[in-house]
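J.:
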């Protein structure tokens, strides 16, 4: 095939893909509209507005952090929050044990009829783009986006969300993006948030088995455990490697903890997306967890201290387990004072440090 023929073939293939995409969007639109109506009817029966998460953007910790903040916003507005797009982690989390999707408050969950299950399945399958939603011609729905047309963050906080209540004709808010900034309404709501987003009973058993395997029979079960989250992979290039910390730097920090901490018997549980040389941690009591993302997250949350870079994964683990965390991207060297002064993340946020610190 010559160059001209290949060019023609590529052009035809591109046109087919474009038209197929437009066709699938048109076919999907009425089904998506029907699904929204089913959920909307349940919302109207309760007399509350509904916040509907319409995308599955982000990894596990990003989406858990988004849920935390949306729970805070929903509590503030007296609204019902529904997230249908957590399917790949559904078996791992307590919130999904009695429901095919996440609903908060749980007592407001609609009856799981076949129509409701089908509606949520359609929303997950369509993953509608926000640009297509206005074509549904729903005047009682508002689209909320947290990223602008240039890819910049446009967070939605509680004050912005309060404006939603000023229009009585809006019944449903279709939410896109990750950047929502809610707040816990009370210490009790903070505890409920942790309980809702915790591991399922099956996942809890798996996590416990990993912790047990990390201990030798001759060692005390209550010794001081440091969780180490080594994020490599995409962190080498994300923001020009700004938050990338090499395994060797982690090894140095672990030795600092070993030498400076008041604890005499320290065990390190290492969670990493890549392997590292055994020489890196020579002389340290180290166990590599090597679990799934959910297992690693909750293993970290059960430690006494976390070492990490700036990461929503480690930050959520610190929040969930109320575990002190040391962010190595913000410290040159560890001292006995910095280790002693480490504090947990009191509420998870998304965004780079300069945006998080402004909140």
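Numbering (full-length UniProt numbering), first residue to last: 1 to 359. All C-beta atoms in this analysis are idealised placements derived from N, C-alpha and C, irrespective of residue type, glycine included. Please read these numbers as outputs of a predicted model, since none were measured by experiment.
1. In angstroms, rounded to a whole number, what distance separates the CA positions of residue 202 and residue 297?
2. In the structure shown, what three-state DSSP assignment does residue 343 receive?
3. Here's the rule I'm using: 16 or more other beta-carbon atoms within 10 Å means buried, otherwise exposed. How should residue 75 be labelled?
4. I believe residue 176 touches residue 144 by the beta-carbon criterion, under 8 angstroms. Please report the beta-carbon distance rounded to the nearest angstrom.
5. Buried or exposed for residue 333, please, with buried defined as at least 16 other CB atoms from any protein chain shown within 10 angstroms of its CB.
6. Just reading off the beta strand (DSSP E) that residue 308 is part of, what are its end residues?
7. Is residue 292 buried or exposed, if buried means 16 or more other CB atoms sit within 10 Å of its CB?
8. Look up residue 233 in the DSSP assignment and say whether it is helix, strand or coil.
9. Helix or strand or just coil, what does DSSP make of residue 168?
10. Closest to residue 58 by CA distance: which of 241, 306 and 85 is it?
11. Quick one: what's got a C-beta closer than 8 angstroms to residue 170's C-beta in the same chain, skipping five residues either side?
12. Hey, how far is the Cα of residue 92 from the Cα of residue 225?
13. Using a Cβ-Cβ cut-off of 6 angstroms (strictly less than) and excluding sequence neighbours within five positions of residue 123, which residues of its own chain qualify?
14. Is it right to say residue 66 is buried, meaning 16 or more other beta carbons lie within 10 angstroms of its own, or is it exposed?
15. Which residues in the same chain have their Cβ closer than 6 angstroms to the Cβ of residue 245, if we skip the five residues on either side of it in sequence?
16. With 16 other CB atoms within 10 Å as the buried threshold, where does residue 39 fall?
17. Nearest to residue 253 by CA position, among 240, 77, 228 and 235, is which residue?
18. Secondary structure at residue 178, three-state DSSP: helix, strand or coil?
19. How about residue 247 and residue 294: do their beta carbons lie closer than 8 angstroms?
20. With burial defined as no fewer than 16 other Cβ atoms inside 10 Å of the residue's Cβ, what is the status of residue 301: buried or exposed?
21. Can you check the region 44-129 for any alpha helix (DSSP H) of at least 4 residues that lies completely inside it and give the ranges in chain order?
22. Assuming contact is defined by CB atoms lying nearer than 8 angstroms, are residue 98 and residue 181 in contact in what I supplied?
23. At what residues does the alpha helix (DSSP H) containing residue 265 begin and finish?
24. For residue 205, which option in 299, 240 and 267 has the closest C-alpha, if you only look at C-alpha atoms?
25. Is there a Cβ from chain B that is less than 8 angstroms from the Cβ of residue 236?
26. Count the other CB atoms within 10 Å of the CB of residue 81; is the residue buried (16 or more) or exposed (fewer)?
27. With burial defined as no fewer than 16 other Cβ atoms inside 10 Å of the residue's Cβ, what is the status of residue 146: buried or exposed?
T.: If we stick to the structure as given:
1. CA-CA distance, residue 202 to residue 297, rounds to 15 angstroms.
2. Residue 343 falls in the strand class under three-state DSSP.
3. Taking all protein chains in view, the Cβ of residue 75 is crowded by 16 or more other Cβ atoms within 10 Å, so the residue is classified as buried.
4. Contact holds; Cβ gap of about 7 angstroms.
5. Residue 333 comes out exposed.
6. Counting along the chain, the beta strand (DSSP E) containing residue 308 begins and ends at 305-308.
7. Classification for residue 292: exposed.
8. Here residue 233 sits in helix by DSSP.
9. In this structure, residue 168 counts as coil in the three-state DSSP scheme.
10. Among 241, 306 and 85, the Cα nearest to that of residue 58 belongs to 85.
11. Once the five neighbours on either side are set aside, the close Cβ partners of residue 170 are 49, 140, 141, 142 and 164.
12. Within the model, the alpha-carbon separation for residue 92 versus residue 225 is close to 24 angstroms.
13. 35 and 84, listed in sequence order.
14. By the neighbour-count rule (16 or more Cβ atoms within 10 Å), residue 66 is buried.
15. Same-chain partners within the cutoff: 309 and 328.
16. Buried: at least 16 other Cβ atoms inside 10 Å.
17. The residue among 240, 77, 228 and 235 with its C-alpha nearest the C-alpha of residue 253 is 228.
18. Residue 178 sits in coil when the DSSP states are folded into three classes, being neither helix nor strand.
19. Not in contact: residue 247 and residue 294 (Cβ atoms no closer than 8 angstroms).
20. Residue 301 is buried by the Cβ-count criterion.
21. Assignment of alpha helix (DSSP H) within the region 44-129, counting only whole runs of 4 or more residues, yields 60-77 and 114-126 in chain order.
22. No. Outside cutoff.
23. Per DSSP, residue 265 belongs to no alpha helix (DSSP H) and is neither H nor E.
24. Among 299, 240 and 267, the Cα nearest to that of residue 205 belongs to 299.
25. Of the protein chains in the structure, only one exists, and it is not chain B.
26. Under this definition residue 81 is a buried residue.
27. Taking all protein chains in view, the Cβ of residue 146 is crowded by 16 or more other Cβ atoms within 10 Å, so the residue is classified as buried.
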